[in-house]
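Quick note on my numbering: the sequence shown kicks off at 644 and runs consecutively.
Here a beta-carbon is modelled for each residue, glycine too, at the ideal position from N, C-alpha and C.
Working notes, beginning with the structure itself.
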Amino acid sequence: MAKKTATKKKSVARKVTKTSVKTSTARKGAVAKAAKKTVKKTVKKPAPRKSATARRPRGPVWQWSAVDTAAAIRNGAISAVETVEAHLERMRAVNPRLNAVVVDLSEEALKAAHAADKQRAKGGALGLLHGVPITIKENVDYEGRPNFNGVPANKDFVAPSDSPVVRNLKKAGAIVIGLTNTPEFSFRGFTDNPLHGLTLNPWDPNITCGGSSGGAGSAVAAGIGTIAHGNDIGGSLRWPAHCNGVATIKPTQGRIPAFNGSATAERPMLAHLMSAQGPLARHVGDVRLALDVMSQRDPRDPWWVPAPLAGPKPKGPIKVALARIPEDMDVDPSVRAALRQAADHLERSGYRVTEVDVPDIDGVWQTWCDIITNETVVMQEAGMLKVTSEDFHKAWGGMKTKANVLDLKAWMQATAARNGHIRAWQLFFEEYPVVLAPTTVKPTPGPRDDTVSADRVKEIFWGEIRFISAINVLGLPGAVVPVTLHDGKPIGVQLIAGRYREDLALDAAAAIEKRAGVLAHRLWETME
644 MAKKTATKKK SVARKVTKTS VKTSTARKGA VAKAAKKTVK KTVKKPAPRK
694 SATARRPRGP VWQWSAVDTA AAIRNGAISA VETVEAHLER MRAVNPRLNA
744 VVVDLSEEAL KAAHAADKQR AKGGALGLLH GVPITIKENV DYEGRPNFNG
794 VPANKDFVAP SDSPVVRNLK KAGAIVIGLT NTPEFSFRGF TDNPLHGLTL
844 NPWDPNITCG GSSGGAGSAV AAGIGTIAHG NDIGGSLRWP AHCNGVATIK
894 PTQGRIPAFN GSATAERPML AHLMSAQGPL ARHVGDVRLA LDVMSQRDPR
944 DPWWVPAPLA GPKPKGPIKV ALARIPEDMD VDPSVRAALR QAADHLERSG
994 YRVTEVDVPD IDGVWQTWCD IITNETVVMQ EAGMLKVTSE DFHKAWGGMK
1044 TKANVLDLKA WMQATAARNG HIRAWQLFFE EYPVVLAPTT VKPTPGPRDD
1094 TVSADRVKEI FWGEIRFISA INVLGLPGAV VPVTLHDGKP IGVQLIAGRY
1144 REDLALDAAA AIEKRAGVLA HRLWETME
């Protein structure tokens, strides 16, 4: 009986214990739920912890690539606020002597950075450039701000919305820290205007930073932002990339959408077909990343093309045409050496390089010059000359000296000839998928060389950078990558590929960069 009674008591005790545990658990659950509701109302969610593998890239934050910066923010190695603050500090340190960024968006950028960190803390999806600092060229619409385009008289052209390229970058999470300088109407290869003044090259104030995306090239080379936006109708991405020792891609026409709602009229047809938006960056990988982001669809551009960013890989080894330079171009030995060095880098990377004549580079350049000049004279010249400086008049006058005056029939013939040139190059790419060509055949000129005389302007565009401007009329993609320094100044080369084959041009540029290194690292040693 005693055993049974004891067993009963144990059984009752177990039941009581189970019941009390359940009751206690229920009470705790109720208290926890109530507490959770209270905390939800009064306490913000803590930011996600750093990943166990989260590591900060080496060196100061402003020296990181866009790819590394985006990864570091995404995995919690650094906050967007800390990243933006580092770039703003760099901008305050070096921009006063360069005048590359002409609109300081520090306050707006910091607000965006705080918002970016909050978004990450919520655990939502992040864009490819989440929290990454960039700059925008001051000739595309930035909502709420005048689109000056280097002209004081454009103060009333306030952007009703962001241009497609700005919208795409912001959608990807990029943070704009400033707007960069451009010449009047972005029509010069040198960056100077009456509104903001002259932009200097961070390598040497006695050489030009290029144009018209000179502010963009100078800024990103100096470490202000990881990616700089620019655009190109006659070399305005590739020329500053060469001058400032950075990389770029002028995409195929239609790759990146473009539109400015602040414009009072639509752009002329051929000007639209020959221009392109694009990125400048210190690393080829960053150029590729930015191209992906910038090229997203926008319905405001009727010429946008939904082409894939990568095509089929040609059978190896890929044949590269080293463009034979016309005899009338006086090539500096340093340029020949840089081209040979680039060719060697490609060959050591598995490419097969052969020096050959490319299809009618002279005729292609002349077609570009004739079309853009005559279209501008008819559609824009009178209005531009009324509101621009004497320096602009000199530079524009020099650009016109090599152009043929076209009547309607001759104009139609020139546009028809454009089709023939494009066809010839497309057929050429069937054998040589990539063309290695110079950016310029001469050392980088002074910061205002296009105001010296009309003959000097003609000499620059025809005699020195012929291989740059000619590509615009073809609508082909062209990358520029720095190769070496000569007398402390950067020299780059151009890689041209078939329509919508930016991937082939960038692959070749990356192969060169892998062996040549990132020249900006050497620049920063001299700027400290």
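Around Gly993, the same chain offers Gly959 and Pro960 as residues with beta carbons nearer than 7 Å, after the five sequence neighbours per side are excluded. Of the residues Pro845, Arg898, Gly766 and Gly774, the one whose Cα lies closest to the Cα of His1164 is Pro845. When secondary structure is reduced to three states using DSSP, Asp711 falls in the helix class.
Look at Thr726 here: in three-state DSSP terms it is helix. According to DSSP, residue pairing for Ala890 in a beta bridge involves Ala924.
Three or more beta-carbon pairs separated by less than 8 Å are not found between the segment 945 to 959 and the segment 1052 to 1061, which leaves the two stretches without contact.
Secondary structure within the segment 982 to 1068: the beta strand (DSSP E) runs of 3 or more consecutive residues, fully enclosed, are 995 to 999 (chain order). Look at Lys780 here: in three-state DSSP terms it is strand.
A check of alpha carbon separations from Ser879 across Pro900, Gly904 and Pro922 identifies Pro922 as the nearest.
Taking the C-beta atoms as reference points, Met912 is found no nearer than 8 Å to Gly1118. Looking at the backbone, the Cα of Tyr785 and that of Arg810 are separated by about 9 Å. Contact between Lys1157 and Phe1104 is ruled out by a C-beta separation of about 32 Å, above the 8 Å threshold. Secondary structure at Gln939: coil, using DSSP grouped into helix, strand and coil.
Unbroken alpha helix (DSSP H) stretches of 4 residues or longer found wholly inside the segment 760 to 817: 807 to 814, given in chain order. Secondary structure of Ala964 (DSSP, three-state): strand.
Here DSSP, grouped into helix, strand and coil, assigns Asn1115 to helix. Looking at the DSSP output, Ala1154 bridges to nothing. Excluding its 5 nearest sequence neighbours in each direction, Asp944 has C-beta neighbours in its own chain below 7 Å: Pro807, Pro900, Ala901 and Phe902, listed in chain order.
The C-alpha of Ala1025 lies about 16 Å from the C-alpha of Ser829. The Cβ atoms of His885 and Thr1082 lie closer than 8 Å to each other. Straight-line measurement puts the Cα of Val1001 at about 44 Å from the Cα of Asp747. Only residues of its own chain outside the window of five on either side were considered, and among them Leu1149 have a CB closer than 7 Å to the CB of Arg931, listed in chain order.
Here the alpha carbons of Val999 and Val745 stand approximately 43 Å from one another.
Within a 10 Å sphere around the beta-carbon of Asn1047 sit fewer than 16 other beta-carbons, which makes this residue exposed. In the DSSP assignment, Leu913 falls outside any beta strand (DSSP E) and within the unbroken alpha helix (DSSP H) covering Met912 to Met917. For Pro957, the CB contacts under 7 Å within the same chain, skipping 5 residues up- and downstream, are Pro1076 in chain order. For the 8 Å CB-CB criterion, His988 and Ala1152 do not form a contact.
A distance below 6 Å between beta-carbons, with the five flanking residues on each side excluded, links Lys962 to the following residues of its chain, in chain order: Arg995 and Tyr1075. Contact holds between the segment 1086 to 1093 and the segment 848 to 857, because three or more Cβ pairs, one in each stretch, are under 8 Å apart.
Of the residues assessed, Val1021 falls on the exposed side of the cut-off, its CB having fewer than 16 other CB atoms within 10 angstroms.
In this structure Lys813 is buried. Its beta-carbon is surrounded by 16 or more other beta-carbon atoms within 10 angstroms. Pro955 is classed as exposed because its beta carbon has fewer than 16 other beta carbons within 10 Å across all chains shown.
Apart from sequence neighbours up to five positions away, the residues of its chain that approach Ala1097 with a beta-carbon distance below 7 Å are Gly1040, Gly1041 and Thr1044, ordered along the chain. Within its own chain, the residues whose Cβ lies closer than 7 Å to the Cβ of Arg717, once the five positions on either side in sequence are excluded, are Leu769 and His773, listed in chain order. Rounded to whole angstroms, the Cβ separation of Gly854 and Leu1166 is 19 Å, and the two are not in contact under 8 Å. Within the DSSP bridge table, the entry for Gln1137 names Ala1080 and Val1123 as partners.
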